[in-house]
Amino acid sequence: MEALAADPAADQTDPVPEVVERPGRTGEFADFYRSHLGKVYRALALTLGNDDLAREAADEAMTRAYANWGRVSGLDNPGGWVFRVGLNWATSWWRKARREQVRLDDWLHPRTAGPDPVALAARAAVERLPLKQRGVVVCRVLLELSTAETAATLGISEGTVKSRLSRALTTLRQALEE
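Per my numbering, residue 16 is the first one in the sequence shown, and the count goes up by one each step.
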């Protein structure tokens, strides 16, 4: 540790290392990461109703995708896999937090929201949906997954996707009409 501090070259390096892309799987993952991180984060933020938890979940899911890239890259929908891993991670986090009785007031209230009142109303309406309906809405609308892809991602039947989406959209229409 002291040898690193005494090395003058160590003081001249950038604090944020550059990503060195290698041909093959690492480069493929870097492309996947750049194109999917924002979308997965937004989907998790909307589903979970918490921007900070969504960021951690997206980061954790991408880390797991990288560790298993050989298998994940062969899936029909790696982005859906990452979303589901993030959602599972966040669900586990909530369970653990409840068991430990950690004070969650800061986590229960999103810290950022757009200034557009219509967008705020829509987000609030989506946040009031049950988690299972919210997950279906996010997959179908935000991630633009098909019914079959949504069913596979969430581990439910296509009929369940359709019924949850129908109930969720009815609830959202009623909430937004108010």
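Just so it is clear, CB atoms sit at the ideal spot from N, CA and C, and this is done for glycine as well.
Cβ shell of residue i (< 6 Å), same chain only, five flanking positions each side left out
{"i": "F98", "result": "V55 and A58"}
For residue i, the first and last residue of its enclosing alpha helix (DSSP H)
{"i": "R143", "result": "P132 to R143"}
{"i": "V151", "result": "L146 to V152"}
Where residue i falls: helix, strand or coil (DSSP)
{"i": "S107", "result": "helix"}
{"i": "G89", "result": "coil"}
{"i": "E43", "result": "helix"}
{"i": "S161", "result": "coil"}
{"i": "S172", "result": "coil"}
{"i": "E192", "result": "helix"}
{"i": "G95", "result": "helix"}
{"i": "G64", "result": "coil"}
Rounded C-alpha distance that separates residue i from residue j
{"i": "L191", "j": "T162", "result": "24 Å"}
{"i": "L160", "j": "L61", "result": "16 Å"}
{"i": "N83", "j": "F44", "result": "10 Å"}
{"i": "D131", "j": "A137", "result": "10 Å"}
{"i": "Q148", "j": "L187", "result": "11 Å"}
{"i": "A69", "j": "A105", "result": "8 Å"}
{"i": "T175", "j": "V156", "result": "16 Å"}
{"i": "G64", "j": "E142", "result": "6 Å"}
{"i": "A112", "j": "A72", "result": "15 Å"}
{"i": "S88", "j": "E193", "result": "44 Å"}
{"i": "S178", "j": "A80", "result": "30 Å"}
{"i": "L144", "j": "T78", "result": "29 Å"}
7 Å CB neighbourhood of residue i in its chain, flanking five on each side removed
{"i": "A150", "result": "A quick correction: the sequence has Gly, not Ala, at residue 150. Cβ neighbours of G150 beyond the five flanking positions: T62, L102 and L169."}
{"i": "Y48", "result": "M77"}
Spatial neighbours of residue i in its chain, beta-carbon cut-off 8 Å, leaving aside the 5 residues before and after
{"i": "S172", "result": "A166"}
{"i": "A140", "result": "T186, L187, A190 and L191"}
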